[in-house]
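Before any comments, here is the structure.
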Amino acid sequence: MKRRIAFLTLLIVITSMSCDDQLNPYGDFKERYVLNCIIRGDTTFQVATLTKSYTSQDFDPYSATNDPSVKNSIIRIWNKEKVALLRDTTIERPPESLYKTPYTVFYSKNFQPEANSLLEIEAILPNGKRLVSTAKIPAAIDIADVISDKIIPPVNKNFLKVQWLSSQKDAVFITRLAIYYFKHEGGVKTRNLAIIPINYVQFNDEWIPNLPKPTSDFSYTVDMSTVNKAMELISQGDPNKERYEILSCIIEVLSLDENLSVYYNSTARGRDIYSVKLDETDFSNISGGYGIFGVYMRDYHVLWFTHNYIRSFGYTPGLTDPQQ
């Protein structure tokens, strides 16, 4: 009997507290700032974004329609003796976008860092708050042309292999292999590309591509059966094969700097069939706020199709035959 009385008393106290105080699952809201900037080592055009955290009244994050971008800020990037002052501009959003105001970005058209050097970024907000970070630019990637395949199909084997060199410690690479071609239609020639995945998975009548994931390997290998399927799918459903003019196959290799490599290692590599993640991993290398500042380098390697291989699909060769 005493236990029942004690339980009822506790229940009354909890009920009365829930009636008097509104439960806020977010706690006290603190405005925080997010700076994101990924520097490309192969171009002079660089972009950064600066936003702030937000909350909503009904606990639905998708109900907020105010743009979280922070305008009228100063963003600068240093590399040795070079300093870039990023300009802010606005880009129109698509009609289905959550936010109805233009998207704000910061950019520079004339800044390309040097390999194996240090980068610094600084953002000064209108309220005087300062966000900073540093990054080490990775070494350039060198495709090993001598030991990498150059012709499709390769001789006396049923796979393609491309290898590269890099002095980057604990490097993470992103690869993309694609077929470049023209499609002739109505007197107009349009350039296209078809991505070659690691392999395909057939689901009913559809071929689902399994794209390569970031890797620490210094080589990329793909079976010729996958290349053949990618070639077939270029003209899927079109009986006029001859209007597809095949040019070449190009592999792009991106080398991530230490910041981007750590970000990938801390977020993506724990996602396997044996891992259980209750929430997303928070990663930031921005002092004074949140976000990511990193760099990647890029190199590419061209593989040439033989004319006999192109014609076996009914397509038209667009470049000189590498076997001539």
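For what it's worth, the working numbering labels the leading residue of the sequence shown as 5, then goes sequentially.
Quick reminder that beta carbons are idealized off the backbone N, C-alpha and C, glycines included.
Just the Cα atoms here: how many angstroms apart are residue i and residue j?
| i | j | result |
| --- | --- | --- |
| Arg247 | Ala182 | 19 Å |
| Thr324 | Thr310 | 9 Å |
| Ala52 | Asn160 | 48 Å |
| Tyr37 | Asn289 | 13 Å |
| Ile199 | Val231 | 10 Å |
| Asn214 | Leu197 | 17 Å |
| Asn40 | Gly295 | 5 Å |
| Gly322 | Glu35 | 56 Å |
| Ile238 | Ile250 | 10 Å |
| Glu85 | Cys253 | 39 Å |
| Met228 | Leu164 | 7 Å |
| Ser170 | Ser121 | 15 Å |
| Ile147 | Lys187 | 30 Å |
| Lys219 | Phe177 | Lys is not the amino acid found at residue 219; the sequence shown has Thr there. Whole-angstrom Cα-Cα distance: 5 Å. |
| Gly293 | Ile79 | 14 Å |
| Lys245 | Ile202 | 25 Å |
| Pro326 | Trp308 | 6 Å |
| Asp276 | Asp174 | Caution is warranted here: a pLDDT of 49 is assigned to Asp276, below 50, making its placement in the model unreliable, and the coordinate value is therefore given only provisionally. For Asp276 and Asp174, the distance between alpha carbons rounds to 20 Å. |
| Ser291 | Arg134 | 8 Å |
| Phe49 | Lys75 | 20 Å |
| Asp92 | Asn70 | 18 Å |
| Phe222 | Thr55 | 36 Å |
| Gln328 | Asp46 | 33 Å |
| Asp209 | Pro216 | 22 Å |
| Tyr185 | Asp242 | 15 Å |
Spatial neighbours of residue i within its chain, please: CB distance less than 6 Å, with the 5 preceding and 5 following residues excluded, ordered by chain position.
| i | result |
| --- | --- |
| Trp81 | Looking at the sequence itself, residue 81 is Ile, so the reference to Trp does not match. Correct list, in chain order: Ala88, Ile125. |
| Tyr224 | Val166, Thr179 |
| Pro142 | Gln172, Ser259, Asp261, Met301 |
| Ala119 | Ile141, Ala143, Ala144 |
| Ile255 | Val166, Leu181, His305 |
| Gly298 | Ile42, Ala139, Asp261, Asn263, Leu264 |
| Gly274 | Caution is warranted here: a pLDDT of 49 is assigned to Gly274, below 50, making its placement in the model unreliable, and no coordinate value can be reported. |
What do you get for residue i, buried or exposed, if any count of 16 or more other CB atoms within 10 angstroms of its CB means buried?
| i | result |
| --- | --- |
| Thr179 | buried |
| Ser73 | buried |
| Ser265 | buried |
| Ile43 | buried |
| Leu102 | exposed |
| Val205 | exposed |
Any idea which residues DSSP pairs residue i with across the strands?
| i | result |
| --- | --- |
| Gln167 | Ser223 |
| Pro321 | Ile250 |
| Ser291 | Val136 |
| Gln206 | Trp211 |
| Ser73 | Thr55 |
| Asn232 | Bridge partners of Asn232: none, in fact. |
| Ala88 | Ile81 |
| Val257 | Thr179, Asp303 |
| Ala198 | Ile183 |
For residue i, collect the residues of the same chain with a Cβ closer than 7 Å to its Cβ; drop the 5 residues on either side in sequence, then sort them by chain order.
| i | result |
| --- | --- |
| Ile95 | Pro106, Tyr107, Val109 |
| Asp83 | Checking the displayed sequence, the identity of residue 83 turns out to be Asn instead of Asp. So the qualifying residues of the chain are Pro117, Glu118, Ser121, Leu123. |
| Ser137 | Ile125, Asn289, Ile290, Ser291, Phe297 |
| Ala234 | Ile183, Ala198, Ile200 |
Could you name the residues of the same chain whose beta carbon sits closer than 8 Å to that of residue i, not counting the 5 residues immediately before and after it, in chain order?
| i | result |
| --- | --- |
| Glu236 | Phe317 |
| Tyr313 | Ile156, Pro157 |
Q. Between the segment 95 to 112 and the segment 148 to 162, are three or more C-beta pairs nearer than 8 Å?
A. no
Q: Pair every Cβ in the segment 120 to 140 with every Cβ in the segment 184 to 191, then say whether three or more of these pairs are closer than 8 Å.
A: no
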